[in-house]
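Trainee: The structure is given below, and queries will be raised subsequently.
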Amino acid sequence: FTHSSYGSRDLSILAYGNFFFPRTWMQNSFVLAETIDLRGWKGPRKGPLRILDLGAGSGAGGLAALRLLRDRGIENPIQLHAVDYSGKSLSYLRSIHAANGHLWPRTTVTTERHDLSKTLPPKTPHAYDFVFLSSSLNEISSGTDVSAVAKSLNEISKVIKTSGLLVVIEPALRAVCHCLHRAAANISESSELWLHGPYFNGSPCPFASTKSRYHSHEVRRRTPPETVRRLNQPLGLSIQDLKFSFILLGRKKPIPFDQGPSVLRLVSPVSKRKGIYCFIGIGGDTEERTYEIQTRTLDVEGHNFIDLLERGDVLRLREWETFEESRLVRIPSTDAIEILWPSG
Ligand SMILES: C[S@@+](CC[C@H](N)C(=O)[O-])C[C@H]1O[C@@H](n2cnc3c(N)ncnc32)[C@H](O)[C@@H]1O
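If you read the sequence shown in our numbering, its first letter stands for residue 3, the second for the next number, and so on.
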C-alpha cells in the first residue's frame with residue numbers, strides 16, 4: 003500500500019476521505035483563517051483570486067479554502083487549480099465541487115494530472131494568491147531530506163504573487179515537523195522569502211535547531227458532525243483532536259508583532275501543578291519561555307478561560323512579570339490575557 007497506490011483505487015480514496023477529509027477541511031480552514039485574521043493577508047482589490055493546490059487529492063484542502071474565503075467575505079471570483087498524479091482523486095474533487103455549488107458561489111475548479119516529484123506542471127503562471135501543500139509535501143518529496151524539501155519549496159514559491167502566500171500543512175509527526183521547519187528556516191535565511199508563520203517577525207521555529215522536547219504543532223479539539231463520528235466509529239481512532247504543523251511563506255515582509263514575552267504562541271499543553279497553571283510559549287522575539295498563572299488568582303470564569311486555551315493559540319499579555327532572566331513569565335490574572343488568535 004504505497005502513496006501512489008491509494009490514489010488509484012476508489013475504495014482507498016473513499017476510506018481515506020471518510021477519516022481525513024473532515025480533519026483536513028478543519029485544519030486547513032484554521033490555517034487559512036489565521037492568514038486573514040492574524041497575519042493581515044488581503045485579497046486582490048479586483049479580479050479573480052487564484053489558488054493552486056498541489057497534491058490536492060480529493061480536494062479537502064482546496065475546497066475548504068473556497069468555503070473559508072467566502073465565509074470571510076471575500077467577493078472576488080475564485081479560481082482553484084488542483085494538481086495531483088491521481089486522476090481518480092481529481093475526479094472526486096471535481097464532483098464534490100460541482101455537487102455543492104451553494105458552498106462556494108462564483109468559483110471555478112480546474113484539475114491537472116501531473117507527477118510533482120520533479121517539477122511543477124510546465125507553464126504554471128506566476129500568479130497565485132495562495133499555493134497550498136496540504137499533507138502532500140512529505141509524499142511529494144518522499145522523505146525528510148531538509149535541503150531537498152527547501153529546494154522544492156523555493157521552486158514552488160516562484161508561482162506566488164508578491165502579496166501571495168505559500169501555505170504548507172503537514173501531519174504533526176515529529177520527523178515531518180522538524181523537516182518542514184528546518185527547511186523553512188533554511189529558506190528564510192538564504193532566499194528572499196519571508197516566514198509569516200507560525201511564529202513572529204519572520205523568525206523560524208526555535209525548536210528546529212535545538213533538541214527541545216517539543217516540536218512545532220497545533221492541537222485543536224473540535225466536535226465533528228454526527229455523520230462523521232458514525233462513519234469513523236468502527237476505526238476506533240480519535241477523531242476529535244486535530245494535530246498538524248504548518249508554515250506560511252511570502253515575498254512581502256510579515257506584519258510586525260511586539261518583540262518580547264508579551265506576544266506568544268502556545269506550544270505545549272496547559273498543565274496544572276502546585277497551585278499554578280503553566281505552559282510554554284514562543285514570544286515575539288522567538289524566545290521559548292515558561293508562562294504561569296497562579297490558580298488562587300482565578301475565579302470560575304478564570305478556570306474556564308484557561309481550560310479553553312489550546313496549543314497553537316496566540317496570546318497578547320497586557321501585564322506580566324519576568325523571573326529567572328526572563329525565562330519565566332508570571333501572568334497576574336486572566337484579565338491580563340488577550341487571545342489574538344483564534345479570534346472570536
Ligand atoms: C495525504 S494526501 C493529501 C491530499 C489533500 N491535499 C488533502 O489534504 O486532503 C497526499 C496527496 O498527494 C498526492 N501525491 C503524492 N505524491 C505525489 C506526486 N509525486 N505528484 C503528484 N501528487 C502526489 C497523492 O496522490 C495524494 O492525493
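Even glycine gets a Cβ: it sits at the ideal position worked out from N, Cα and C.
Source: prediction; values computed, not measured.
Could I get the ranges of all uninterrupted alpha helix (DSSP H) runs contained in the segment 207-279, with 4 residues as the minimum, in chain order?
Mentor: Listed in chain order, they are 228-234.
Trainee: DSSP state of serine 136, grouped into three classes?
Mentor: Strand at serine 136.
Trainee: Got a sec: does ligand 1 put a non-hydrogen atom nearer than 7 Å to the Cβ of phenylalanine 22?
Mentor: Result yes, Cβ under 7 Å from ligand 1.
Trainee: If distances are taken between C-alpha atoms only, which option among Pro79, Tyr130, Phe134, Lys120 comes closest to alanine 66?
Mentor: Out of Pro79, Tyr130, Phe134, Lys120, Phe134 has the C-alpha closest to the C-alpha of alanine 66.
Trainee: On a CA-only basis, which of Pro258, Ala84, Asp243 is nearest arginine 224? Give me that one, please.
Mentor: Checking every option, the nearest Cα to that of arginine 224 belongs to Asp243.
Trainee: Where the beta carbon is closer than 6 Å to any heavy atom of ligand 1, which residues qualify, in chain order?
Mentor: Here the residues come out as His5, Gly9, Phe22, Thr26, Gly57, Ala58, Gly59, Ala62, Gly63, Asp86, Tyr87, Ser88, Ser91, Asp117, Leu118, Ser119, Ser136, Ser137, Ser138, Glu141, Ile142.
Trainee: Per DSSP, which residues does proline 344 bridge with? Please list them.
Mentor: According to DSSP, proline 344 bridges with nothing at all.
Trainee: Looking at proline 127 and valine 161, is the spacing between their C-beta atoms short of 8 Å?
Mentor: Yes, the pair counts as a contact, with Cβ atoms nearer than the cut-off.
Trainee: With 16 as the cutoff for other CB atoms within 10 Å, does proline 24 come out buried or exposed?
Mentor: Counting Cβ neighbours within 10 Å, proline 24 comes out buried, since at least 16 surround it.
Trainee: Quick one: what's got a C-beta closer than 6 Å to tyrosine 279's C-beta in the same chain, skipping five residues either side?
Mentor: Val272, Ile295, Ile308.
Trainee: Does phenylalanine 325 pass the burial test, meaning 16 or more other C-beta atoms within 10 Å, or should it be called exposed?
Mentor: Phenylalanine 325 comes out exposed.
Trainee: Using beta carbons (cut-off 8 Å, strictly below), is valine 302 in contact with chain C?
Mentor: Going by chain labels, chain C is absent from the structure shown, which holds only one protein chain.
Trainee: Taking the alpha helix (DSSP H) that tyrosine 293 falls in, what are its first and last residues?
Mentor: Counting along the chain, tyrosine 293 falls outside any alpha helix (DSSP H), though it belongs to the beta strand (DSSP E) covering 290-296.
Trainee: Pop quiz: histidine 83 and threonine 112 are said to be a contact at Cβ under 8 Å. What is the actual Cβ separation, rounded to whole angstroms?
Mentor: With a Cβ gap of about 5 Å, histidine 83 and threonine 112 count as contacting.
Trainee: Keeping to the same chain, check which residues put their C-beta closer than 7 Å to that of valine 148; ignore five residues upstream and five downstream.
Mentor: Closer than 7 Å at the Cβ level, and outside the excluded window around valine 148, lie Cys181, Arg184, Ala185, Asn188.
Trainee: With a Cβ-Cβ cutoff of 8 Å, do leucine 342 and arginine 318 count as a contact?
Mentor: Their beta carbons are under 8 Å apart, which means leucine 342 touches arginine 318 by this criterion.
Trainee: Between which two residues does the beta strand (DSSP E) harbouring lysine 163 extend?
Mentor: Taken as a continuous stretch (DSSP letters only), the beta strand (DSSP E) holding lysine 163 covers 162-173.
Trainee: Classify isoleucine 76 as helix, strand or coil using the three-state DSSP reduction.
Mentor: Coil, per DSSP.
Trainee: Taking only the alpha-carbon atoms, compute the straight-line gap between serine 60 and glycine 45 and give it to the nearest angstrom.
Mentor: Cα-Cα distance, rounded: 25 Å.
Trainee: Given a cut-off of 8 Å, decide if proline 236 and glycine 204 are closer than it, judged by their beta-carbon atoms.
Mentor: In this structure, proline 236 does not lie closer than 8 Å to glycine 204 by Cβ.
Trainee: Is glycine 252 closer than 8 Å to leucine 167 when the C-beta atoms are compared?
Mentor: Their beta carbons are under 8 Å apart, which means leucine 167 touches glycine 252 by this criterion.
Trainee: Can you give me the C-alpha to C-alpha distance between lysine 120 and alanine 338, rounded to a whole angstrom?
Mentor: Each residue's Cα considered, the two are about 50 Å apart.
Trainee: Measure the Cβ-Cβ separation of glutamate 220 and glycine 145 and say whether it is below 8 Å.
Mentor: No.
Trainee: Closest to glutamine 81 by C-alpha separation, out of Gly63, Ser97, Tyr130, Leu233, would be which residue?
Mentor: Comparing Cα positions, the closest option is Tyr130.
Trainee: Looking at the structure shown, is isoleucine 38 part of a helix, part of a strand, or coil, going by DSSP?
Mentor: Isoleucine 38: helix per DSSP, three-state reduction.
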